[in-house]
Each structure stands twice: as C-alpha cells, then as structure tokens.
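Read top to bottom, the protein sequences are chains B and Y.
End of the first sequence = 111 in numbering that gives the first Met the number 0, gap-free, step of one.
End of the second sequence = 447 in numbering that gives the first Met the number 0, gap-free, step of one.
Where is the CB? At the ideal position from N, CA and C, for every residue including glycine.
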Amino acid sequence: MKLVTAVIKPFKLDDVKNALEAYGINGLTVSEASGYGRQRGHTEVYRGAEYTVDLVPKVRVEVLVDDDDAESVVDVIIKSAQTGRIGDGKVWMIPVDSVARVRTGERGHDAL
Amino acid sequence: MPEIPEISAGDTAWVLVATALVLLMTPGLAFFYGGMVRMKSVLNMMMMSFGAMGLVAILWVLYGYSMAFGNDVGYGLLGSPTEFFGLAGITADSISGAIPTFVFVMFQAMFAIITVALISGAIADRTKFGAWMVFAGIWATVVYFPVAHWVFAFDSDGVTGGWIANNLGAIDFAGGTAVHINAGAAGLALALVLGKRIGFGKTPFRPHNLPFVMLGAGLLWFGWFGFNAGSALAANGTAAVAFLNTVVATAASMLAWLLVEKIRDGHATSLGAASGVVAGLVAITPACAAVNIVGAIAIGVAAGVLCAMAVGLKYKLGYDDSLDVVGVHLVGGIVGTLLIGFFATDAYIADSKLGLFYGGGAELLGKQAIAAGSVLAFSFVVTAIIAFGIEKTMGFRISSEDEQAGVDVRTHAETAYEFNDAAYGGSFTKGSGSSVNVTAPEKEGAPA
C-alpha cells in the first residue's frame with residue numbers, strides 16, 4: 000500500500016475531492032497547512048510597514064491506496080489541482096507497511 | 000439680583016447621553032487596540048482599557064474631580080484636592096451651567112478614563128498588568144487631573160479655573176491638549192522607558208483581527224459625538240457645530256490617509272481607514288467649535304496626511320510605540336490644536352476668536368502653540384519620571400520568556416481564542432464555586 004500526500008492550493012480542494020471520488024477513492028484526510036516552495040510568500044502592508052509573509056496557506060490531502068492505484072491517484076490529483084501557475088503544490092507517495100480499520104480490526108487491503 | 004440657575008431638561012438629557020457615549024469610547028478603544036496586537040496579547044491590551052475604567056472612575060470621584068474643578072490653589076495649576084473630596088457638598092440640587100453638577104462630574108470622569116486608556120497602545124505585548132494599574136493611578140493623579148484643570152476649568156462666579164483656559168486663553172474645546180497631546184506624549188515616554196518588544200523591526204507584528212480594529216474605530220467615532228458635541232454641555236447650536244465638524248473632518252482624514260497609502264504603498268488598507276478615522280477625530284477635537292467646514296476639511300486632510308506619515312517614524316527613530324499613540328494622538332492633537340490658530344472663525348458661532356486666515360493675526364496661533372507645547376513637555380517629563388520609578392521598583396515589563404509565550408496566558412492565565420477543541424484538551428483542576436462538585440484528578444507522573 001502507499002500513502003499519497005498532496006499539498007495543494009486551498010481553493011482547489013473541492014476539485015481534487017470530486018476527482019478522487021469519481022476515481023473511486025472512498026476516504027481521505029485533509030488538514031490545513033502552510034509553507035512555501037518556489038512561489039515564496041507575499042507582501043502585506045500595515046500602516047506603511049511592509050512585511051514579507053513567507054508561509055502561504057495550503058491544504059494537505061492524504062490518501063491511502065493500493066499499490067496498483069497509486070500512480071493513477073497521483074495523476075488524478077495533478078490533473079484536478081493544476082492551474083499552471085506557480086504555487087500549485089506537490090504530490091508524493093511513500094510505502095505503508097500496514098493499515099488497520101479501527102472499527103473492525105480488518106487489515107491491509109480490506110481496511111482501505 | 001443674580002439670576003437663579005435652573006436645570007434645563009433638554010441640556011441634561013443630552014449631556015447624560017453624551018456621557019454614556021464617551022464611556023463607550025473606551026471599550027471601543029479596547030477593540031481598536033485589541034485587534035491590532037497579536038493573538039497572544041489581545042486580552043492584556045483590552046484589559047488595560049478596562050482597568051482604567053475601573054480605577055480612574057473611583058479616583059475621579061474621590062479627589063480627581065476636586066483637583067480638576069475645585070477652586071484654583073495658585074497660578075491656575077491645580078484645583079483644590081480637598082474642596083470636593085469624595086464629592087463633598089455636591090447634591091442632586093447642585094447645578095453647573097444648566098445641568099446637575101453630578102452630570103458634569105460624570106461627563107468629565109469619562110474623559111479622564113479614556114485619556115489614561117489611550118496611553119496603553121504604546122506599550123502593547125510587554126506590560127505587567129499590576130504595574131499598568133499603578134501607573135494609571137499615579138498618572139491620572141499627577142498628570143491628567145492637573146492638566147484637565149489647566150484646560151477645562153473656566154473661571155466662574157467666585158471660582159478660579161486653570162491657566163490655559165483663562166490666563167492664556169487658548170482654544171481647546173474638547174481636549175486636543177488635555178486628552179490627546181497629553182496621552183500621546185505620555186505614550187512616547189512610556190515606549191522609551193519600557194523599550195522595544197522582542198523582534199521589533201525584524202519580525203512582523205501583524206494585527207490579528209482587523210475587523211476588531213474597524214469595529215473599534217466605528218465605536219470611537221460614534222462615541223466621539225458625545226465627546227465633542229457633548230462638550231458644549233448643552234443641547235444647542237454649539238453642540239450642532241461640534242457635531243457637524245466631527246463628521247466632516249473625520250471623513251476628510253480617512254480619505255486623506257487612504258490616498259497617502261495608495262500613492263505610497265500601492266494599496267488602500269482597512270487599517271489605514273480605521274487609523275484615518277481616529278486621526279481625524281483627534282485633530283478636530285480641540286477645533287470642533289472653532290472652525291467652519293472649510294477649516295474642518297483642512298484639519299482632517301492635514302491630520303490624515305501627517306499622521307499617515309508620522310506612524311513610520313518609530314522605525315526610523317527606533318522607539319516601539321506599538322500602536323502609534325504618538326503618530327496618531329500626539330501628532331493629530333498637535334495638528335488640530337495648531338490649525339485652530341489659522342482656521343478659527345466666527346462664521347458659525349458669533350463672537351468667536353479669529354485665526355490667521357480670518358483676520359485674527361498670529362496671536363491665537365501663538366497661544367495655541369504655548370498650550371500644545373506646555374502640555375506636551377509636562378506630560379512627557381512627568382510620565383518618564385513615573386515610569387522610571389515603577390520600572391526600578393516593581394518592574395514595568397514582563398520577562399522576555401513571558402513576552403515570547405504571550406502576555407495573555409502568563410499575566411492573566413487566559414487565552415483569547417479556542418480554535419481547535421482537540422488541541423486544547425485538559426482537565427478541571429480547581430474551582431471556587433460551591434455549587435460545582437468536582438474532584439480534581441491527581442496530576443499523573445509530573446516530569447522530574
């Protein structure tokens with residue numbers, strides 16, 4: 000199994016969620032995040048004092064998937080989160096040793 | 000036979016309402032300031048205003064009113080502290096002008112409260128609450144009460160008032176000197192004695208809640224009608240002129256501040272709008288019954304432009320006047336007080352003094368400058384002495400560890416906001432209420 004993690008622009012969350020649902024993904028975890036990449040931050044001005052705000056608000060989406068689905072899920076996320084402008088985010092996957100469903104105790108593929 | 004004074008129901012009703020309006024300015028100020036600080040300091044910021052409401056109200060009825068409006072003890076410098084000690088001798092039948100004396104006492108009490116509260120903006124994020132309360136009491140006693148006497152106590156039958164109001168004859172209708180220059184100069188002294196916040200000029204101190212700031216500015220503008228138009232102490236034409244100018248100058252100042260921002264920084268900001276409103280209100284305060292709408296617009300524009308420039312000075316000169324008490328109240332107060340010397344006119348109120356532009360020569364301008372300069376110098380010097388005294392004895396500033404952790408949680412044992420229930424788990428450990436019967440769990444395995 001793989002854990003696919005995507006850090007995306009917050010306003011693309013609905014698109015990504017819908018696309019994953021259409022692909023057949025049954026569950027995901029979303030959390031608010033902040034960070035920067037090549038995009039860097041933005042400038043804010045308060046009473047003439049200019050601040051460079053490094054960390055930009057992002058959303059982190061995490062999905063547990065079967066090995067066979069992993070590459071396609073990454074593609075689905077890329078397609079649905081893409082605007083083509085700087086700051087679209089990143090997607091990565093890492094191997095997962097085991098997954099259990101808390102309610103039933105099922106393991107592995109059945110727990111997804 | 001002298002006319003027997005009578006209470007005017009209309010005047011009394013208006014000044015009662017105006018008094019309540021001025022009281023509302025202080026919670027308004029608490030929101031205005033509270034929104035501008037970081038999330039970890041908002042409660043302490045607001046508490047400094049509320050603390051002033053409690054303490055100064057009591058001191059005022061004990062001896063403050065007497066020090067400000069008792070018979071002069073010499074040279075127009077101070078009213079007798081004992082004459083009306085504990086409001087002695089004043090009853091429901093006592094009359095000041097055409098309103099009950101108790102109404103006048105309360106109206107002026109609100110001015111004392113807000114003046115003290117205004118200072119707190121200079122020392123955000125880093126002040127011991129206890130030290131602030133001690134400072135507030137001493138400052139009200141040795142700075143505000145005397146200065147209120149100088150400016151607001153007019154000579155009347157057998158009673159001698161203060162030197163600025165009577166001997167000098169400068170115009171300060173509602174407190175450009177006594178309130179704003181006074182608080183602004185005190186803020187500068189405090190900021191210098193307490194020193195900069197950790198990270199000043201390096202890390203961003205972003206306002207944590209700009210809608211609070213806008214709400215506060217709105218409440219201040221609303222309450223300021225009581226402050227300015229109420230200072231007529233009557234429901235009459237003078238009150239109407241003050242009301243009119245309080246709208247016109249404030250509107251002009253807000254637009255001017257936004258224009259400066261748009262040209263200088265590229266964006267018109269909400270903080271700029273709120274700040275422009277307050278700068279305009281400050282500047283028109285002394286002038287609101289002395290000018291016509293041309294003067295009001297000129298004063299508003301001057302205040303908006305000059306204050307918008309002045310708030311940047313602290314970074315160049317290196318003093319941490321956190322929320323710009325100097326840039327807005329000191330500068331705005333000076334702008335309004337001095338421009339009276341140019342724009343004072345009898346266009347609306349007959350037999351008024353005339354400024355330079357209306358054929359009055361430079362005499363009034365000179366008097367205005369003396370009034371502004373005296374209050375500034377007195378307040379700055381005495382505040383610095385008080386602040387040093389507190390810093391050397393009980394300490395004025397919280398520890399740097401507390402400052403980084405946040406003054407709210409360290410000084411008041413509270414946090415303003417709970418965003419995330421899960422991240423804020425805990426258990427009830429002690430209560431003082433008798434109806435709640437909870438056994439506090441033993442603390443488990445406290446780290447050695």
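Would phenylalanine 31 of chain Y pass as a contact of alanine 216 of chain Y if the rule is Cβ separation under 7 Å? yes
CA-to-CA distance, serine 274 of chain Y to aspartate 407 of chain Y, given in whole angstroms: 25 Å
If you drop the 5 nearest sequence neighbours on each side, which residues of the same chain put their C-beta closer than 6 Å to that of methionine 52 of chain Y? Thr25 and Ile112
Can you tell which of Y:Arg263, Y:Ser269, Y:Ala412 and Y:Leu117 has the C-alpha that lies nearest to the C-alpha of alanine 177 of chain Y? Y:Leu117
May I ask which residues mark the beginning and end of the alpha helix (DSSP H) holding lysine 313 of chain Y? 312-316
Cβ pair lysine 78 of chain B, valine 6 of chain B closer than 7 Å: no
Members of the region 193-223 of chain Y near chain B, C-beta cut-off 7 Å: Pro203, Arg205 and Pro206
Find out if the Cβ-Cβ distance for the pair methionine 44 of chain Y, valine 55 of chain Y is shorter than 7 Å. no
If I measure Cβ to Cβ from alanine 272 of chain Y and keep anything under 8 Å in the same chain, skipping five residues before and after, which residues do I get? Met213, Ala216, Met253, Trp256 and Leu257
What would DSSP say about alanine 371 of chain Y, mapped onto helix, strand or coil? helix
For arginine 196 of chain Y, does the count of other Cβ atoms within 10 angstroms reach 16, so buried, or fall short, so exposed? buried
At least one CB of chain B closer than 7 Å to the CB of valine 14 of chain Y: is that the case? no
Does histidine 47 of chain B have its Cβ less than 7 Å from a Cβ in chain Y? Rather than histidine, the amino acid found at residue 47 of chain B in this sequence is glycine. With 7 Å as the cut-off, glycine 47 of chain B counts as an interface residue toward chain Y.
Take leucine 76 of chain Y as the anchor and find which of Y:Ser378, Y:Lys352, Y:His148 and Y:Phe341 has the nearest alpha-carbon. Y:His148
Counterpart residues of aspartate 71 of chain Y in DSSP-defined beta bridges: Y:Gly78
Is it a yes or a no for the region 63-80 of chain Y touching the region 85-96 of chain B, going by three-plus beta-carbon pairs under 8 Å? no
On the DSSP bridge list, what partners appear for threonine 126 of chain Y? Y:Arg396
Using a Cβ cut-off of 8 Å, pull out every chain B residue sitting near leucine 270 of chain Y, in sequence order please. Tyr45 and Arg46
Counting only Cβ pairs nearer than 9 Å, list the residues of chain Y close to valine 52 of chain B. Pro203 and Arg205
Any C-beta of chain B within less than 9 Å: which residues of the region 250-283 of chain Y qualify? Val259, Glu260, Arg263, Asp264, Gly265, His266, Thr268, Leu270, Gly271 and Ser274
With DSSP as the reference, identify every bridge partner of valine 44 of chain B, one or two as the case may be. B:Glu49
Are the CB atoms of phenylalanine 242 of chain Y and alanine 231 of chain Y within a distance shorter than 7 Å? no
Under 9 Å from the C-beta of tyrosine 357 of chain Y: neighbouring residues of chain B: Neighbours of tyrosine 357 of chain Y on chain B: none; closest Cβ ~35 Å, over 9 Å.
Length of the line joining the Cα atoms of glycine 47 of chain B and alanine 346 of chain Y: 38 Å
From Y:Gly168, Y:Val41, Y:Leu20 and Y:Lys315, residue whose alpha carbon lies closest to that of tyrosine 499 of chain Y: This structure cannot settle anything about residue 499 of chain Y, because the visible part of chain Y is limited to 0 through 447.
Partners in chain B for aspartate 323 of chain Y, counting only beta-carbon separations shorter than 8 Å: Arg46
Valine 310 of chain Y: contacting residues in chain B (beta-carbon distance under 7 Å): Arg46 and Gly47
Euclidean distance between Cα positions of arginine 100 of chain B and proline 94 of chain B: 18 Å
Within 7 Å, strictly: CB atoms of alanine 135 of chain Y and aspartate 320 of chain Y: no
Quick one: is threonine 249 of chain Y buried, meaning 16 or more other Cβ sit within 10 Å of its Cβ, or exposed? buried
Counting pairs of Cβ atoms below 8 Å between the region 326-341 of chain Y and the region 59-75 of chain B, do you hit three or more? no
Can you give the beta carbon distance from isoleucine 369 of chain Y to alanine 130 of chain Y, rounded, assuming they're within the 8 Å contact cut? Their Cβ separation, rounded to whole angstroms, is 34 Å, which puts isoleucine 369 of chain Y and alanine 130 of chain Y out of contact at 8 Å.
Have a look at Y:Phe68, Y:Phe110 and Y:His207 and flag the residue whose alpha-carbon is nearest the alpha-carbon of glycine 157 of chain Y. Y:Phe68
Under three-state DSSP, which class holds lysine 16 of chain B? helix
Quick check on threonine 114 of chain Y: buried or exposed, where buried means 16 or more other Cβ atoms within 10 Å of its Cβ? buried
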